[in-house]
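Visitor: This is the structure, below, for whatever I ask next.
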Amino acid sequence: MWHSTCEGDDTLSKTSTEIIPMNRKDDSTSFGSYLRKHRQKRGISLKDIADATKINVNSLLLLEREELDKLPPDVIVRGFIKAYSSFIGLDSSEPLKRYECHCKKHSLLLEPENQYDKNRTTSLRLHRQMGITIACFFLLVVCVVSFQKYFSKDMIKPDTPQQMVRPPTAAPEQTLQKSQLRGTEAESRVVSRPEETQEKHRLNILTIQRTWIRITIDDRETMEYLLTPKDRLTKKAADKFELLIGNAAGVILNFDGRELGPLGKPGQVVRITLP
Numbered sequence: 005m006w007h008s009t010c011e012g013d014d015t016l017s018k019t020s021t022e023i024i025p026m027n028r029k030d031d032s033t034s035f036g037s038y039l040r041k042h043r044q045k046r047g048i049s050l051k052d053i054a055d056a057t058k059i060n061v062n063s064l065l066l067l068e069r070e071e072l073d074k075l076p077p078d079v080i081v082r083g084f085i086k087a088y089s090s091f092i093g094l095d096s097s098e099p100l101k102r103y104e105c106h107c108k109k110h111s112l113l114l115e116p117e118n119q120y121d122k123n124r125t126t127s128l129r130l131h132r133q134m135g136i137t138i139a140c141f142f143l144l145v146v147c148v149v150s151f152q153k154y155f156s157k158d159m160i161k162p163d164t165p166q167q168m169v170r171p172p173t174a175a176p177e178q179t180l181q182k183s184q185l186r187g188t189e190a191e192s193r194v195v196s197r198p199e200e201t202q203e204k205h206r207l208n209i210l211t212i213q214r215t216w217i218r219i220t221i222d223d224r225e226t227m228e229y230l231l232t233p234k235d236r237l238t239k240k241a242a243d244k245f246e247l248l249i250g251n252a253a254g255v256i257l258n259f260d261g262r263e264l265g266p267l268g269k270p271g272q273v274v275r276i277t278l279p
């Protein structure tokens, strides 16, 4: 059984302090002050919005201050604006229009995503170089070991046959006892080895539209990705997955061999727990 809800971030600040910028911007492009004005007009606090949308208070403050360089990529910010507007009962078309004007005016549209692309490309290049280096190292080790074995055999090969000496009669019994002892020790080691954690669930992710995604496995390991079309991810878990997806229409999920239905609309921020 899985469920999805529109959310932004599952980490909430326990307390919040609303700070209003001293230098107000032009109202024609100020989406942050527009949202704040309508929120305050309705008597709604940032904590109320954070509790309902799961977008943390710090992100909401940055949104109202229009500090886009400290927020996720463009597609996620649009999801934040839609979730914020929906909770306070405001049509999201006007703040989104102001947001686009702000980005065009300051040449910020798509800049965060490009930065993510640059970081992702650099990371892939470093991983590729590291993989090549490790492969070369192991190849060198194999060559050295093979070289040593080959020449060691030539050096210890006797020139004349040696006379075979019959082992004492008691030797087989002694050898058997040692063999049994080694078997007992090996058996003990196998029995005392702790059981490995079984990974019962498998999740395959196929990207069809550009999207940001955060994955938490078994409440222990959390990772984030900025995915582009045709990117694929495969994850395993013993208990469950928790997903935060910035573009609900951007990915196709296959959980334990079963393809899940549509997750939402383009640009919609959703949270999914599997199973």
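Quick note: the sequence shown uses this note's numbering, first residue 5, plus one each step.
By construction, the Cβ of each residue, glycine as well, lies at the ideal position given by its N, Cα and C atoms.
The structure presented is a predicted model; accordingly, all values stated were derived computationally and were not measured.
Could you tell me which residues DSSP pairs with residue 236 in its beta bridges?
Guide: Residue numbering aside, residue 236 sits at position 232 when the sequence shown is read from its first letter. DSSP lists 210 as partners of residue 236.
Visitor: Excluding sequence positions up to five away, which residues of its chain have a Cβ less than 6 angstroms from the Cβ of residue 109?
Guide: Counting from one through the sequence shown, the residue named residue 109 turns up at place 105. The residues are 33.
Visitor: For a quick check, are the C-beta atoms of residue 253 and residue 233 less than 8 angstroms apart?
Guide: In the sequence shown, residue 253 corresponds to position 249, counting from 1. In the sequence shown, residue 233 corresponds to position 229, counting from 1. Contact: no.
Visitor: Quick one: using the 10 Å Cβ neighbour count with 16 as the cut-off for buried, is residue 86 buried or exposed?
Guide: Locating residue 86 in the sequence shown gives position 82, counting from the first residue. Buried, by the Cβ-count rule.
Visitor: When we look at the beta-carbon of residue 131 and count the other beta-carbons within 10 Å, is it buried (16 or more) or exposed?
Guide: Position 127 of the sequence shown, counted from the first residue, corresponds to residue 131. Residue 131 comes out exposed.
Visitor: Compute the distance between the beta-carbons of residue 231 and residue 217, then report whether it is under 8 angstroms.
Guide: Taking the sequence shown and counting its residues from 1, one reaches residue 231 at position 227. Taking the sequence shown and counting its residues from 1, one reaches residue 217 at position 213. Going by C-beta atoms, residue 231 is nearer than 8 angstroms to residue 217.
Visitor: Restricting to Cα atoms, I'd like to know which of 210, 215 and 222 is closest to residue 202.
Guide: Counting from 1 along the sequence shown, the entry for residue 202 is found at position 198. Of the candidates 210, 215 and 222, the one whose C-alpha sits nearest the C-alpha of residue 202 is 222.
Visitor: Should residue 2 go down as buried or exposed, given a rule of 16 or more other Cβ atoms within 10 Å for buried?
Guide: Outside the shown range of the chain (5 to 279) lies residue 2, about which nothing can therefore be said.
Visitor: Taking DSSP's pairing of strands, which residues face residue 241 in a bridge?
Guide: Reading the sequence shown from its first residue, position 237 is the one you call residue 241. In the DSSP output, where bridge partners are listed per residue, residue 241 has 205.
Visitor: Does residue 83 pass the burial test, meaning 16 or more other C-beta atoms within 10 Å, or should it be called exposed?
Guide: Residue numbering aside, residue 83 sits at position 79 when the sequence shown is read from its first letter. So residue 83 counts as buried.
Visitor: In the DSSP output, what is residue 151 paired with across the bridge?
Guide: Residue numbering aside, residue 151 sits at position 147 when the sequence shown is read from its first letter. In the DSSP output, where bridge partners are listed per residue, residue 151 has none listed.
Visitor: To which residues does DSSP link residue 231 through a beta bridge?
Guide: Locating residue 231 in the sequence shown gives position 227, counting from the first residue. Note: residue 231 sits in a beta bridge opposite 215.
Visitor: For the pair the stretch 95 to 107 and the stretch 32 to 48, tell me if three or more CB-CB distances fall below 8 angstroms.
Guide: Yes, the stretch 95 to 107 touches the stretch 32 to 48.
Visitor: With DSSP run on the structure shown, which of helix, strand or coil describes residue 224?
Guide: Along the sequence shown, one-based indexing puts residue 224 at 220. Looking at residue 224 - three-state DSSP - the assignment turns out to be coil, as it is neither helix nor strand.
Visitor: Where does residue 137 fall in DSSP's three states?
Guide: As a first step, residue 137 is located in the sequence shown; it is residue number 133 there, counting from the start. Residue 137: helix per DSSP, three-state reduction.
Visitor: Between residue 52 and residue 256, what straight-line distance do the alpha-carbon atoms span, to the nearest angstrom?
Guide: As a working mapping, residue 52 is identified with position 48 in the sequence shown. As a working mapping, residue 256 is identified with position 252 in the sequence shown. In a straight line, the C-alpha of residue 52 is about 32 angstroms away from that of residue 256.
Visitor: Determine, using beta carbons only, whether residue 75 and residue 67 come nearer to each other than 8 angstroms.
Guide: For the purposes of this step, residue 75 is taken as residue 71 along the sequence shown, with counting starting at 1. For the purposes of this step, residue 67 is taken as residue 63 along the sequence shown, with counting starting at 1. Yes, these two residues count as a Cβ contact at 8 angstroms.
Visitor: Using three-state DSSP, classify residue 277 as helix, strand or coil.
Guide: Position 273 of the sequence shown, counted from the start, is the residue given in the question as residue 277. It is a strand residue.
Visitor: Within a Cβ cutoff of 6 angstroms, which residues of the same chain sit near residue 246, ignoring the five residues on either side of it in sequence?
Guide: The residue labelled residue 246 in the question sits at position 242 within the sequence shown. For residue 246, where only same-chain residues beyond five positions count, the Cβ hits under 6 angstroms are 220 and 277.
Visitor: Under the assumption that residue 215 contacts residue 250 (Cβ atoms under 8 angstroms), give the Cβ distance between them as a whole number of angstroms.
Guide: On the sequence shown, residue 215 is found 211 positions in, with the first residue counted as 1. On the sequence shown, residue 250 is found 246 positions in, with the first residue counted as 1. About 5 angstroms; that satisfies the 8 angstroms criterion.
Visitor: With burial defined as no fewer than 16 other Cβ atoms inside 10 Å of the residue's Cβ, what is the status of residue 137: buried or exposed?
Guide: Your numbering for residue 137 matches position 133 in the sequence shown. With fewer than 16 Cβ atoms within 10 Å of its Cβ, residue 137 is classed as exposed.
Visitor: Can you check whether the CB of residue 267 is closer than 8 angstroms to the CB of residue 236?
Guide: Against the sequence shown, residue 236 aligns to sequence position 232. Against the sequence shown, residue 267 aligns to sequence position 263. Not closer than 8 angstroms, so no.
Visitor: How many angstroms separate the CA atom of residue 69 from the CA atom of residue 248?
Guide: Numbered from its first residue, the sequence shown carries residue 69 at position 65. Numbered from its first residue, the sequence shown carries residue 248 at position 244. Those two C-alpha atoms are separated by around 24 angstroms.
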